[in-house]
Amino acid sequence: MKKNIFLLASSVLFSLIIFTTCGLDTYYTLSPPTGPIHTPVYDAVDPDSRYFSFTSAVNTNPDTSFRFLGTAVYYRIYASKSTMQSHRASISAVNTSSDYSAAANRMIGYGYKQLFTSDGGYLLIADEGKKVEIRLTNNQEKVSTGIGNTAQISIDSAFYKTPRRVLGMNKTFDFGRYDKESSGYTPKDKYTPPASGDEDFENGTVEDNTYYVTMYAVAIGRDTTYTTYYSNVLPLGTIGINANNEHN
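The sequence shown begins at -18 in our numbering and counts up one residue at a time.
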């Protein structure tokens, strides 16, 4: 009798272990965005080069119970160039195939925010395998001799949305215009430079009134339990925004 009870208990315990283990074994992986196609250099003199470009992620997960959400772009504004470089190196150190979400989690842990747009939503690109270009600032767009470079997000060379800071749909990256109220400009709040306490800003001593914006692209998906999964991150580069200049 004792032997039968022992065998029954062992069988139940084994079943529980198998059941629990099966639940833990389900893990989804995502293919990251590819590129970058063009990486800006934060101390570049030529304003034409101050844009980010890459190819959006493609869903390679065959499991129909997993929902591929698309490609997100994250950014952070830095006052200190050395802090920016330190964070980039730290994220790169864990951006490996052995733990797909590690780099994204570290990036988010550093305070990176999903890029916002002028239509009041976060940028999430559902189109797969498309060329994406992002320019955060305006340069000479009001000059009568030509349209210059305008702040915009394009997909396969077609205008898609206008980038904004996560603080609101009217918060631009044109920091050098914050005190302009002349004809043709919207209220100066739109151009307010980053300040201590802003959730997208790594506070510090700003040298030469220049801010550094680093961006990453990452594929995002979700399973039936609403657990979020990330791919490895794609470093897009860093631009410098000189708040002494009206055009960047």
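From the three backbone atoms N, C-alpha and C, an ideal C-beta is built for every residue, glycine too.
Under the DSSP assignment, THR64 falls outside any beta strand (DSSP E), being part of the alpha helix (DSSP H) whose first and last residues are 62 to 74. Checking the DSSP bridge columns, you'll see MET196 partnered with TYR56 and GLY218. By the Cβ neighbour-count rule, PHE140 is exposed, with fewer than 16 other Cβ atoms within 10 Å of its own. Residue burial annotation: GLU180 is exposed, with fewer than 16 other C-beta atoms found within 10 angstroms of its C-beta. Per DSSP, the beta-bridge partners of GLY51 are ILE201. As a beta-bridge residue in DSSP terms, HIS19 pairs with SER34. Residue pairing of GLU227 in beta bridges, as defined by DSSP: absent, with no partner found. Restricting attention to THR191, ASN223, TYR193 and TYR8, the CA atom closest to the CA of TYR81 is found in TYR8.
Using a Cβ-Cβ distance cut-off of 8 Å, the stretch 207 to 216 and the stretch 9 to 26 are in contact, since at least three pairs of beta carbons, one from each stretch, lie closer than that value. The secondary-structure analysis by DSSP pairs PRO144 across a beta bridge with THR98. Sequence-distant partners of ARG203 (beyond 5 residues in either direction) whose C-beta falls short of 8 Å from its own C-beta, in its chain, are PHE47, ARG48, LEU50, THR209 and TYR210.
The beta-carbon separation of TYR197 and TYR55, rounded to 5 Å, stays under the 8 Å limit for a contact. In this chain, ARG158 is not harboured by any alpha helix (DSSP H), its DSSP state being neither H nor E.
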